[in-house]
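In what follows, a single structure is set out as structure tokens and then discussed.
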Amino acid sequence: DSGVTQTPKHLITATGQRVTLRCSPRSGDLSVYWYQQSLDQGLQFLIQYYNGEERAKGNILERFSAQQFPDLHSELNLSSLELGDSALYFCASSVVGGRGDNEQFFGPGTRLTVL
Amino acid sequence: TQLLEQSPQFLSIQEGENLTVYCNSSSVFSSLQWYRQEPGEGPVLLVTVVTGGEVKKLKRLTFQFGDARKDSSLHITAAQPGDTGLYLCAGGNFGNEKLTFGTGTRLTIIP
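So the protein lines, in turn, are chains A and B.
For the first sequence, position 74 (counting from the first letter as 1) is numbered 67 according to the working numbering, and the numbering increases by one without interruption.
Whatever position you read off the second sequence (first residue = 1), add 49 for the working numbering.
Laid out in structure tokens, this is it:
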């Protein structure tokens, strides 16, 4: 158990809908990262928050957004969902950001299926 | 854009055999991490190497960071069924927040 929690575990929805994925980092970790993992593209970095502020952006679509709240939990919002958004979404956390040896601890993931 | 290529993509071997997985890039990284991911779960960090030429051992697993910090290898001795999983390398750079993940090696150990 990494100490990172994600809800829900599974999510099934229809195209055009909007969903929210939730992540609670390990106690004491200030950074939260979101990743998307699909069969054909591996693990792709989406976005990072550090102590409530956006710190880095990766290949995140404009239909997707995230935020980190004062209690440090984070939410990833996916809207106007398309079939291609079906994937595993992982949250990871670390104590700090911006270090080259940045060790990240991953949650169990949310499996999103868009029908 | 920094890319990390892993080879082989798939590997299936008998229990007790040795194996090596490679992680290569044309870019230099400040650090290299290895993760193992089991089906339905998140990646679990195995090791972090930060010095060119560094070798770290974790029981039957040996990790090496290339001298030029562009590549890494993972060697498993006497593989066991519990080693089965997706192995991911990930490169990091000081001052850059994100990790760049490799393409992954799916390892299956046959009892």
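Note that CB positions come from ideal geometry on N, CA and C, so glycine has one too.
Between the Cα of B:L94 and the Cα atoms of A:P1, A:N95, A:L4 and A:L81, which residue gives the shortest distance?
Measuring from the Cα of B:L94, the nearest candidate turns out to be A:N95.
Comparing C-alpha positions only, which one of B:T154, B:G131, B:F150 and B:G151 sits nearest to B:E64?
Checked all of B:T154, B:G131, B:F150 and B:G151; the closest Cα to B:E64 is B:G131.
Count the other C-beta atoms from every protein chain shown that fall within 10 angstroms of the C-beta of A:P63, then say buried if there are 16 or more, exposed otherwise.
When all chains shown are included, A:P63 counts as exposed.
Determine, using beta carbons only, whether A:E68 and A:A59 come nearer to each other than 8 Å.
Their beta carbons are under 8 Å apart, which means A:E68 touches A:A59 by this criterion.
Mapping the DSSP letters down to three states, classify A:G9 as helix, strand or coil.
A:G9 falls in the coil class under three-state DSSP.
Who does A:H3 pair with in a DSSP beta bridge?
Beta-bridge pairing links A:H3 to A:R104.
Anything in chain B within Cβ reach of A:F38, meaning under 8 Å, just list it in chain order.
Those are K147, L148, T149 and F150, listed as they occur along chain B.
What's the gap between the Cα of B:E54 and the Cα of B:V70?
The alpha-carbon atoms of B:E54 and B:V70 are separated by roughly 11 Å.
Would you decide whether A:G21 is buried or exposed? Buried here means 16 or more other CB atoms lie within 10 Å of its CB.
Looking at its Cβ environment, which holds fewer than 16 other Cβ atoms inside 10 Å, A:G21 is exposed.
Listing by chain order, which chain B residues have their CB less than 9 Å from the CB of A:P101?
Neighbours of A:P101 on chain B, chain order: G89, E90 and G91.
Taking only beta-carbon positions, decide if A:G51 is within less than 8 Å of chain B.
Yes, its Cβ sits closer than 8 Å to a Cβ of chain B.
Buried or exposed: A:R56, going by 16 or more other Cβ atoms within 10 Å of its Cβ?
Classification of A:R56: exposed, given that the 10 Å Cβ count is below 16.
Name the residues in the region 95 to 112 of chain B whose C-beta lies less than 7 Å from a C-beta of chain A; which are they?
Listed in sequence order: T97 and V99.
Considering only their Cβ atoms, is the gap separating A:Q(-1) from A:V25 smaller than 8 Å?
Not closer than 8 Å, so no.
Taking B:V98 as part of the beta strand (DSSP E), name the residues at either end of that continuous run.
Taken as a continuous stretch (DSSP letters only), the beta strand (DSSP E) holding B:V98 covers V93 to V98.
Check distances from the C-beta atoms of the region 115 to 138 of chain B to those of chain A and list, in chain order, the residues that come in under 8 Å.
Within the region 115 to 138 of chain B, the qualifying residues are L137.
Please name the residue, chosen from A:T106, A:S72, A:S79 and A:N52, that lies closest to A:W27 on a Cα-to-Cα basis.
With distances taken between Cα atoms, A:W27 lies closest to A:N52.
Are the C-beta atoms of A:F98 and some chain B residue less than 8 Å apart?
Judged by the 8 Å Cβ criterion, A:F98 is in contact with chain B.
Would you decide whether A:D(-6) is buried or exposed? Buried here means 16 or more other CB atoms lie within 10 Å of its CB.
It is exposed - the Cβ of A:D(-6) has fewer than 16 other Cβ atoms within 10 Å.
Could you tell me whether the Cβ of B:Q82 comes closer than 8 Å to any Cβ of chain A?
Interface residue, yes.
What is the residue span of the beta strand (DSSP E) that B:H124 lies within?
Where B:H124 is concerned, the enclosing beta strand (DSSP E) stretches over D120 to I125.
In whole angstroms, what separates the C-alpha of A:T106 from that of A:K2?
The alpha-carbon atoms of A:T106 and A:K2 are separated by roughly 11 Å.
Roughly how many angstroms lie between the CA atoms of A:Q41 and A:S72, to the nearest whole one?
The straight-line gap from Cα to Cα measures roughly 19 Å.
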